[in-house]
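S.K.: Sharing a structure, written as structure tokens. Questions coming.
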Amino acid sequence: MQFSTLDDISGFCRELPGGDAAAAEAAAQRQRNLTKPPGSLGRLEELAIWLARWQGREQPRLDQITIAVFAGNHGIAERGVSAYPSEVTAQMVANFAAGGAAINQIAKLTGAELRVEPLELARPTRDFTMAPAMDAADFLLALDTGWRTVPEQCDLLVVGEMGIANTTVAATLCAALMGGRGARWAGRGTGVDDAGLLRKRLTIDAALKFHRDRLNDPLAVAMALGGRELAAIAGAVLAARARCIPVLLDGFVATSAVLPLAKLAPGSLAHCRAGHVSAELGHRELLRELALVPLLDLDMRLGEASGAGVAILLLRAALACHGGMATFAEAGVSGAG
């Protein structure tokens, strides 16, 4: 496996590659020379420069895009924190395989390869109000699955998830690493009623109390309170950083999966952008904590990388302008004085 111990992960995060500054500067210079007032394309300019930095070329491309969706089940689902039973996770994985989910349509539209990785769906994580959700072996294996899902050659990685009860997991991670109780972080997820929302809040509070001695260690928190699909997302994001691949994060769950990495090492998410802000309670606040400004705000809360998948179209627009526009010299247009 890529990492044998939690200390290996910590050591890796202390020596992360920083991207190609020369490529980023060359892309920025090109933006200054294109036939437009400086900065007039707003964040499209910044996105082109960001892609240049992490792809290591002045003219980035999006020929090889991988959307990785990780699926996992959770012991806390038995506490009635979701409107759907755990069986739906495997059923949705089958739907992905059959091409019937939203992300299948978005992947086809954007020209992306879709990879779906179920993680031991028949063996849910433990109920984290009574025990750590995963032991070290479970956590490291899930992280390694995420790492191995990322192709060696890839222009962009998009990460998402599927897992009944995982908005409760995400909310618990945020409470553990950012403070607050269940009432601050628990949203309605798949659409729970008021009684279900109360159960989510109480579950989060019980977990925080049970694991209070672990809350000062981000990786211990990820292991004790997370899920296999979240650990796999973290592994995929680390693999992308090792290979200098830019990443689009999906919604609340996918972003919470990388919160432990951000707490472990400032700058660990420099190669990431938030594809969108979810309608799920807590995501906007989590993005503020991570200094990630979402590309889209469409009231989406489906998961399965759907919001970040739509944001691929925005990146394609950014690169179409970056690579296709004429410079002032090429067009014979006078530049700014």
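At position 239 of the sequence shown the residue is numbered 255 (this note's numbering), and the sequence of numbers has no breaks. Built from N, CA and C at the ideal position, the CB exists for glycine as well. Note that the structure is predicted; figures quoted are calculated from it, not measured.
Between which two residues does the alpha helix (DSSP H) carrying THR82 extend?
M.R.: Taken as a continuous stretch (DSSP letters only), THR82 belongs to no alpha helix (DSSP H), being part of the beta strand (DSSP E) at 81–87.
S.K.: Per DSSP, which one or two residues make a beta bridge with GLU129?
M.R.: The partner list for GLU129 (beta bridge, DSSP) reads THR82.
S.K.: Return the chain-ordered list of same chain residues with a C-beta closer than 8 Å to the C-beta of CYS29, the five sequence neighbours on each side being excluded.
M.R.: Taken in chain order, the residues that qualify are LEU254, LEU277, LEU280, ALA281, SER284.
S.K.: With distances taken from CA atoms, which of GLY242, ARG289, SER322, TRP70 is nearest ALA307?
M.R.: Nearest of GLY242, ARG289, SER322, TRP70 to ALA307, Cα basis: ARG289.
S.K.: In angstroms, rounded to a whole number, what distance separates the CA positions of TRP66 and LEU297?
M.R.: 28 Å
S.K.: How many Å lie between LEU303 and ALA128 at the Cα?
M.R.: 25 Å
S.K.: Report the residue from LEU32, GLU94, THR51, ARG48 whose alpha carbon sits nearest the alpha carbon of LYS216.
M.R.: GLU94
S.K.: Per the contact definition of three or more C-beta pairs closer than 8 Å, is the segment 188–206 in contact with the segment 327–342?
M.R.: Under the 8 Å Cβ criterion, the segment 327–342 does not count as touching the segment 188–206, having fewer than three qualifying pairs.
S.K.: Go to ALA202, then tell me how far its alpha helix (DSSP H) extends in each direction, as first and last residue.
M.R.: Annotation for ALA202: no alpha helix (DSSP H) segment contains it, and DSSP assigns it neither H nor E.
S.K.: Where DSSP assigns a beta bridge to GLU62, which residues make up the other side?
M.R.: Answer by DSSP bridge pairing: none, since GLU62 is not bridged.
S.K.: With three or more C-beta pairs closer than 8 Å as the rule, is the segment 215–235 touching the segment 115–133?
M.R.: no
S.K.: DSSP on GLU177, reduced to helix/strand/coil?
M.R.: strand
S.K.: So who's on the other strand from ALA290, going by DSSP bridges?
M.R.: Under DSSP, ALA290 takes part in a beta bridge, and its partners are LEU265.
S.K.: Determine the direct distance from the alpha carbon of THR183 to that of ALA321, and round the result to whole angstroms.
M.R.: 14 Å
S.K.: Which term fits GLU103, buried or exposed, when burial requires 16 or more other beta carbons within 10 angstroms of its beta carbon?
M.R.: Exposed, since its Cβ has fewer than 16 Cβ neighbours within 10 Å.
S.K.: Answer with buried or exposed for MET146, where buried requires no fewer than 16 other C-beta atoms within 10 angstroms of its C-beta.
M.R.: exposed
S.K.: List the DSSP bridge partners of GLU161.
M.R.: According to the sequence as given, residue 161 is Thr; it is not Glu. Looking at the DSSP assignment, THR161 forms no beta bridge with any residue, so it has no partner.
S.K.: In this structure, how does DSSP classify LEU285 when only helix, strand and coil are distinguished?
M.R.: coil
S.K.: Kindly give me the distance between the Cβ atoms of ALA250 and ALA240, rounded to whole angstroms, as I take these residues to be in contact under 8 Å.
M.R.: That belief does not hold up - the Cβ atoms of ALA250 and ALA240 are roughly 14 Å apart, past 8 Å.
S.K.: Taking just the CA atoms, how far does ALA40 sit from GLY207?
M.R.: 43 Å
S.K.: Is it true that the segment 84–99 meets the segment 43–55, where meeting means three or more beta-carbon pairs spaced less than 8 Å apart?
M.R.: Contact between the segment 84–99 and the segment 43–55 is absent: fewer than 3 CB-CB pairs across the two stretches fall below 8 Å.
S.K.: In terms of DSSP beta bridges, what is THR141 paired with?
M.R.: Answer is HIS90.
S.K.: Roughly how many angstroms separate the alpha carbons of LEU193 and PRO234, rounded to a whole number?
M.R.: 7 Å
S.K.: Less than 8 Å between the CB atoms is what I'm expecting for LEU135 and GLY88, so what's the real figure, rounded?
M.R.: 5 Å
S.K.: With LEU335 and ARG77 assumed to form a contact (beta carbons below 8 Å), what rounded beta-carbon distance in angstroms separates them?
M.R.: Contact annotation, LEU335 with ARG77: C-beta distance approximately 7 Å; criterion of less than 8 Å satisfied.
S.K.: Between which residues of its own chain and GLY212 is the CB-CB distance below 7 Å, once the five residues before and five after are set aside?
M.R.: Result list for GLY212: GLY96, VAL97, ALA99, in chain order.
S.K.: What are the boundary residues of the alpha helix (DSSP H) that includes SER102?
M.R.: It is not in any alpha helix (DSSP H) - SER102 carries neither H nor E in the DSSP assignment.
S.K.: Can you look up LEU275 in the DSSP assignment and give me helix, strand or coil?
M.R.: helix
S.K.: When you compare only the Cα positions, how much space is there between VAL166 and GLY348?
M.R.: 44 Å
S.K.: Considering only C-alpha positions, which residue in the set ILE119, GLY55, ALA38, ALA64 is nearest to PRO262?
M.R.: ALA64
S.K.: Starting from MET194, trace the alpha helix (DSSP H) in both directions and tell me its first and last residue.
M.R.: 182–194
S.K.: Please name the residue, chosen from LEU246, GLY196, ASP209, ALA248, that lies closest to GLY224 on a Cα-to-Cα basis.
M.R.: Going by the sequence as given, residue 224 is Leu instead of Gly. Comparing Cα positions, the closest option is GLY196.
S.K.: Return the Cβ separation of GLY91 and CYS260 in integer angstroms, given the expectation that the two are a contact with Cβ distance under 8 Å.
M.R.: The pair is not a contact, with the Cβ atoms about 37 Å apart (cut-off 8 Å).
S.K.: Can you tell me whether LEU50 is helix, strand or coil according to DSSP?
M.R.: strand
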